[in-house]
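For the record, in the sequence shown the residue sitting at position 151 is 151 according to the numbering used here, with numbers rising by one throughout.
Heads up, the beta-carbon is just placed ideally off N, CA and C, and yes, glycines get one too.
What you are looking at is a predicted structure, and each value in this text was computed from that prediction instead of being measured.
Reading through the C-alpha cells given below for one structure.
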Amino acid sequence: KKFNMTVLLVNPGRMDFQANDRIEHLLPAVNLMTKTQGSVIEEQSNLYTKSGAFSSEPQKMVFTIKELDNADNALLSFNIKQGLGRLIVKLNSNEVFNAEIKDTIEPIKLKKTELKNINTLEFSASSPGIAFWRINEYSLENLKVTADVKNVAGQNAKAVFLVDEQEEDSASKIK
Numbered sequence: 001k002k003f004n005m006t007v008l009l010v011n012p013g014r015m016d017f018q019a020n021d022r023i024e025h026l027l028p029a030v031n032l033m034t035k036t037q038g039s040v041i042e043e044q045s046n047l048y049t050k051s052g053a054f055s056s057e058p059q060k061m062v063f064t065i066k067e068l069d070n071a072d073n074a075l076l077s078f079n080i081k082q083g084l085g086r087l088i089v090k091l092n093s094n095e096v097f098n099a100e101i102k103d104t105i106e107p108i109k110l111k112k113t114e115l116k117n118i119n120t121l122e123f124s125a126s127s128p129g130i131a132f133w134r135i136n137e138y139s140l141e142n143l144k145v146t147a148d149v150k151n152v153a154g155q156n157a158k159a160v161f162l163v164d165e166q167e168e169d170s171a172s173k174i175k
C-alpha cells in the first residue's frame, strides 16, 4: 500500500548556494586633503588720518572672514608715506598697535580671539596734546589684511557601490 504523507508544511522560499559567507566590493580610491595657503582678505590702496587739538579724523577699514575657523595667522601690513605722532590701530574696538613710526613697520598680528566674521580696523593719529598748533597725521599706502586660509573642500569624499538583489536579501535576514 502507498501512503501520501506531507513532509514539509512551510514554504522556505528560494534557497541559493553561496560559496563564501562574505562578499567583497572594491571601492574606488579617494584622496582626502586640505590645503592651506596665504590669502589676501582685504586690501586698500591708501588711507589718511589726522588729529589736532580740536578735531580728530579716524578712518576705518572693514573686512570679512567667511570661515573664521579655517583662518589663521591674520596680519595687517601697510607702508607709511608720511607720519607724525603715534599711530593707533584698533581691531573691533581693541587696540592692537600704538606707537610712533618713522620708516617701516613689521606686519601687525591680529589675534584670532579678537576676530569676527565682519571686522573693523580703525586707524587714528594721537592727539598733539598741549601743542595745539600741531597736527599729528598718518598717510598709509598698500594696506592689506592677509591670513593663512585652509581649504577644506577636499576633506570629504563619497563612494558608491551596487549590491545585487540576492546580497540584499541575505543581508536583510541577518540579525
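**Study point:** K81 (DSSP reduced to helix, strand or coil)
**Key:** Here residue 81 is taken as the residue at index 81 of the sequence shown, counted from 1. In this structure, K81 counts as strand in the three-state DSSP scheme.
**Study point:** Run of the beta strand (DSSP E) containing F63, from where it starts to where it stops
**Key:** Sequence index remark: in the sequence shown, residue 63 carries index 63 (1-based). Element bounds for F63: 59 to 64.
Exercise for review: Consult DSSP for E67 and reduce its assignment to one of helix, strand or coil.
Suggested key: Residue numbering aside, residue 67 sits at position 67 when the sequence shown is read from its first letter. Here E67 sits in coil by DSSP.
Review point. Expressed to the nearest angstrom, what Euclidean distance is found between the alpha-carbon atoms of S139 and S51?
Key: Your numbering for residue 139 matches position 139 in the sequence shown. Your numbering for residue 51 matches position 51 in the sequence shown. S139 and S51: Cα-Cα distance of roughly 12 Å.
**Study point:** Residue of L87, K158, W133 minimising C-alpha distance to N79
**Key:** Within the sequence shown, residue 79 is the residue found at index 79, counting from 1. For N79, the nearest C-alpha among the options comes from L87.
Exercise for review: Kindly indicate the opening and closing residues of the beta strand (DSSP E) around R86.
Suggested key: Position 86 of the sequence shown, counted from the start, is the residue given in the question as residue 86. Per DSSP, R86 belongs to the beta strand (DSSP E) from 86 to 91.
Point to revise | Element boundaries [beta strand (DSSP E), containing E122] | key: Taking the sequence shown and counting its residues from 1, one reaches residue 122 at position 122. Note, E122: beta strand (DSSP E), 118 to 125.
**Study point:** 7 Å Cβ shell around V96 - same chain, five flanking residues per side excluded
**Key:** In the sequence shown, the residue the question calls residue 96 occupies position 96. Only V89, K90, I108, L110 meet the Cβ criterion.
Check your understanding: Which class does T113 belong to by DSSP, given the choice of helix, strand or coil?
Key -> As a position in the sequence shown, residue 113 is number 113, starting the count at 1. Reduced to three states, the DSSP call for T113 is helix.
Exercise for review: Please state whether DSSP places K24 in a helix, a strand or coil.
Suggested key: As a working note, residue 24 is residue 24 in the sequence shown. It should be pointed out that residue 24 corresponds to Glu in this sequence rather than to Lys. Coil.
Exercise for review: Measure the Cβ-Cβ separation of F123 and P58 and say whether it is below 8 Å.
Suggested key: As a first step, residue 123 must be located in the sequence shown, where it is residue number 123. As a first step, residue 58 must be located in the sequence shown, where it is residue number 58. Against a cut-off of 8 Å, the Cβ pair of P58 and F123 comes out as a contact.
Practice item. Report the option in A159, V149, E106, S55 whose CA atom is closest to the CA atom of L76. Key: Position 76 of the sequence shown holds residue 76. Closest option to L76, Cα to Cα, is E106.
Exercise for review: Locate the beta strand (DSSP E) running through A99, then write down its first and last residues.
Suggested key: Against the sequence shown, residue 99 aligns to sequence position 99. Taken as a continuous stretch (DSSP letters only), the beta strand (DSSP E) holding A99 covers 94 to 100.
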